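Student: Residue numbers (my numbering): 248 to 546.
Submitted below is the structure of interest, expressed as structure tokens.
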């Protein structure tokens with residue numbers, strides 16, 4: 248494998264004060280691949296968030312919409328680009344992967360470049376993503392746990408064809424899903440469910456099975472549930488946080504009752520609820536994930 252790191256541009260970021268935005272490119276497995284990197288000048292041995300975009304839009308879109316502010320607080324934040332879509336372990340009805348790239352190797356190579364340069368601490372590398380990005384995050388947890396210090400998985404579920412042993416090493420995890428998600432059905436089934444204009448994109452485990460996998464890997468005994476956040480008037484969604492007990496590594500499961508295939512706390516566009524369900528304003532998914540990761544990075 249030939250790896251080539253190129254900094255194509257260096258621009259002051261409008262979103263993060265005292266943070267620079269770089270375009271990072273490498274060649275992996277014979278393919279030119281890229282990512283956006285947000286980091287303060289001269290950053291050394293920092294925690295790294297690898298934020299994986301979903302199936303609609305690429306790295307720049309999720310970067311703009313997520314509102315992640317960790318780079319302003321001493322983190323490096325990397326936004327890789329899929330080669331079409333992530334090879335997250337989903338298979339079509341003929342047993343073929345939806346993505347053909349070696350994405351596990353690509354992400355490992357990207358992290359290795361930053362670690363070799365001294366920018367990031369290889370012991371504090373965290374992965375997060377919504378939707379298909381969350382499924383790719385789960386694949387990294389299952390197949391590259393040596394690289395992963397913790398994960399945050401949102402509006403996603405374990406691909407039915409992704410093998411993930413229960414006895415894998417425990418890793419901190421936050422799992423968030425909406426109970427009225429039409430694309431990632433909480434009861435499991437096919438990605439896309441019966442949603443209008445969305446074609447079948449592979450099989451998924453249920454939300455309960457996904458949470459159960461994480462609980463077994465972390466050796467958890469049960470959980471305590473409490474309501475969090477406060478929805479504004481007219482918002483009928485509610486958010487509940489389940490903190491698991493007796494775990495070898497922390498596990499948090501946030502359930503958004505009435506929430507769709509949407510990012511809680513983000514701005515909803517007119518008519519989008521017809522296709523993806525309601526956007527809860529009871530909590531901010533970004534803030535919940537940032538707090539979870541920052542606590543881990545300080546340990």
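Think of the CB as a built atom: it goes at the ideal place given N, C-alpha and C, for glycine as much as any other residue.
As the structure is a computational prediction, the values presented were derived from the model and not from experiment.
According to DSSP, which residues form a beta bridge with residue 279?
Tutor: Numbered from its first residue, the chain shown carries residue 279 at position 32. For residue 279, which the question treats as bridged, DSSP gives the partners 274.
Student: What whole-angstrom Cβ distance do residue 527 and residue 503 have, given they're in contact under 8 Å?
Tutor: For the purposes of this step, residue 527 is taken as the residue at position 280 of the chain shown. For the purposes of this step, residue 503 is taken as the residue at position 256 of the chain shown. Confirmed, Cβ separation roughly 5 Å.
Student: So, is residue 265 buried or exposed, given that buried needs 16 or more other C-beta atoms within 10 angstroms?
Tutor: Start at 1 with the first residue of the chain shown, and residue 265 comes out as number 18. By the neighbour-count rule (16 or more Cβ atoms within 10 Å), residue 265 is not buried but exposed.
Student: Would you be able to state if there are at least three C-beta pairs under 8 Å between the segment 525-543 and the segment 470-478?
Tutor: Counting Cβ pairs under 8 Å, three or more are found: they touch.
Student: For residue 384, collect the residues of the same chain with a Cβ closer than 7 Å to its Cβ; drop the 5 residues on either side in sequence, then sort them by chain order.
Tutor: In the chain shown, the residue the question calls residue 384 occupies position 137. Hits under 7 Å: 299, 374, 375, 376, 398 and 400.
Student: I'd like to confirm the pairing. Which residues does DSSP put opposite residue 421 in its beta bridges?
Tutor: As a working mapping, residue 421 is identified with position 174 in the chain shown. Its beta-bridge partners are 399 and 499.
Student: For residue 392 and residue 480, I'd like the C-alpha separation in whole angstroms.
Tutor: Taking the first residue of the chain shown as 1, we reach residue 392 at position 145. Taking the first residue of the chain shown as 1, we reach residue 480 at position 233. Those two C-alpha atoms are separated by around 42 Å.
Student: Would you decide whether residue 317 is buried or exposed? Buried here means 16 or more other CB atoms lie within 10 Å of its CB.
Tutor: The residue you call residue 317 lines up with position 70 of the chain shown. Buried, since its Cβ has 16 or more Cβ neighbours within 10 Å.
Student: Is there contact here, the segment 329-339 with the segment 413-424, by at least three beta-carbon pairs under 8 Å?
Tutor: Short answer: they don't touch.
Student: When the Cα atoms are used, what is the spatial distance from residue 453 to residue 330?
Tutor: The residue labelled residue 453 in the question sits at position 206 within the chain shown. The residue labelled residue 330 in the question sits at position 83 within the chain shown. Rounded to whole angstroms, residue 453 to residue 330 spans 27 Å at the Cα level.
Student: Does the Cβ-Cβ distance between residue 280 and residue 353 come in under 8 Å?
Tutor: By 1-based counting over the chain shown, the position of residue 280 is 33. By 1-based counting over the chain shown, the position of residue 353 is 106. It is a contact, given that the beta carbons lie within the stated cut-off.
Student: In angstroms, rounded to a whole number, what distance separates the CA positions of residue 262 and residue 315?
Tutor: In the chain shown, counting from the first residue as 1, residue 262 sits at position 15. In the chain shown, counting from the first residue as 1, residue 315 sits at position 68. The predicted model places residue 262 with a pLDDT of 40, which falls under 50 and marks its position as unreliable, so this point remains unresolved.
Student: In the DSSP assignment, the alpha helix (DSSP H) including residue 358 goes from what residue to what residue?
Tutor: Taking the first residue of the chain shown as position 1, residue 358 is located at position 111. Unbroken alpha helix (DSSP H) run through residue 358: 350-363.
Student: How long is the line joining the alpha carbons of residue 469 and residue 459, rounded to whole angstroms?
Tutor: As a working mapping, residue 469 is identified with position 222 in the chain shown. As a working mapping, residue 459 is identified with position 212 in the chain shown. If you take the alpha carbons of residue 469 and residue 459, they lie about 10 Å apart.
Student: Distance check for residue 367 and residue 285, CA to CA, integer angstroms please.
Tutor: Start at 1 with the first residue of the chain shown, and residue 285 comes out as number 38. Start at 1 with the first residue of the chain shown, and residue 367 comes out as number 120. Taking the straight line joining both Cα atoms gives about 12 Å.
Student: What are the boundary residues of the beta strand (DSSP E) that includes residue 367?
Tutor: Residue 367 sits at position 120 when you count from the first residue of the chain shown. Element bounds for residue 367: 367-377.
Student: Distance check for residue 289 and residue 439, CA to CA, integer angstroms please.
Tutor: Sequence index remark: in the chain shown, residue 439 carries index 192 (1-based). Sequence index remark: in the chain shown, residue 289 carries index 42 (1-based). The alpha-carbon atoms of residue 439 and residue 289 are separated by roughly 43 Å.
Student: For residue 259, which residues in the same chain have their Cβ closer than 6 Å to its Cβ, ignoring the five residues on either side in sequence?
Tutor: For the purposes of this step, residue 259 is taken as the residue at position 12 of the chain shown. Unreliable placement is indicated for residue 259, whose pLDDT of 35 sits below 50; no coordinate value is reported for it.
Student: Does the Cβ-Cβ distance between residue 220 and residue 403 come in under 8 Å?
Tutor: Because the chain here runs from 248 to 546, residue 220 falls outside it and cannot be looked at.
Student: So for residue 542, helix, strand or coil by DSSP?
Tutor: Looking up residue 542 in the chain shown gives position 295. It is helical.
Student: Under the criterion of a Cβ to heavy atom distance below 7 Å, does residue 324 qualify as lining the ligand SAH?
Tutor: The ligand SAH is not part of this structure, which contains no ligands at all.
Student: Would you report the Cα separation of residue 501 and residue 538, rounded to the nearest angstrom?
Tutor: Here residue 501 is taken as the residue at index 254 of the chain shown, counted from 1. Here residue 538 is taken as the residue at index 291 of the chain shown, counted from 1. Rounded to whole angstroms, residue 501 to residue 538 spans 13 Å at the Cα level.
Student: With a threshold of 8 Å on Cβ separation, who are the neighbours of residue 413 within its own chain once the five nearest residues in sequence on each side are excluded?
Tutor: Locating residue 413 in the chain shown gives position 166, counting from the first residue. Closer than 8 Å at the Cβ level, and outside the excluded window around residue 413, lie 460, 463 and 464.
Student: Please tell me whether residue 448 and residue 522 are closer than 8 Å, where the distance is taken between their beta carbons.
Tutor: Taking the chain shown and counting its residues from 1, one reaches residue 448 at position 201. Taking the chain shown and counting its residues from 1, one reaches residue 522 at position 275. Result no, Cβ atoms of residue 448 and residue 522 do not sit closer than 8 Å.
Student: Any idea if residue 430 is buried or exposed, counting beta-carbon neighbours within 10 angstroms, 16 or more meaning buried?
Tutor: Locating residue 430 in the chain shown gives position 183, counting from the first residue. Residue 430 comes out buried.
Student: According to DSSP, which residues form a beta bridge with residue 324?
Tutor: For the purposes of this step, residue 324 is identified with residue 77 of the chain shown, where counting begins at 1. Looking at the DSSP assignment, residue 324 forms a beta bridge with 285 and 296.
Student: For residue 436 and residue 525, what's the separation of their Cα atoms in angstroms?
Tutor: Indexing the chain shown from 1 puts residue 436 at position 189. Indexing the chain shown from 1 puts residue 525 at position 278. The alpha-carbon atoms of residue 436 and residue 525 are separated by roughly 20 Å.
Student: Opposite residue 486 in the DSSP bridges: which residues?
Tutor: Within the chain shown, numbered from 1, the residue matching residue 486 stands at position 239. Note: residue 486 sits in a beta bridge opposite 475 and 503.
Student: So the alpha helix (DSSP H) residue 465 belongs to, where does it begin and stop?
Tutor: The residue labelled residue 465 in the question sits at position 218 within the chain shown. Start and end: 454-465.
Student: By DSSP, does residue 269 sit in helix, in strand, or in coil?
Tutor: Sequence index remark: in the chain shown, residue 269 carries index 22 (1-based). Three-state DSSP puts residue 269 in a strand.
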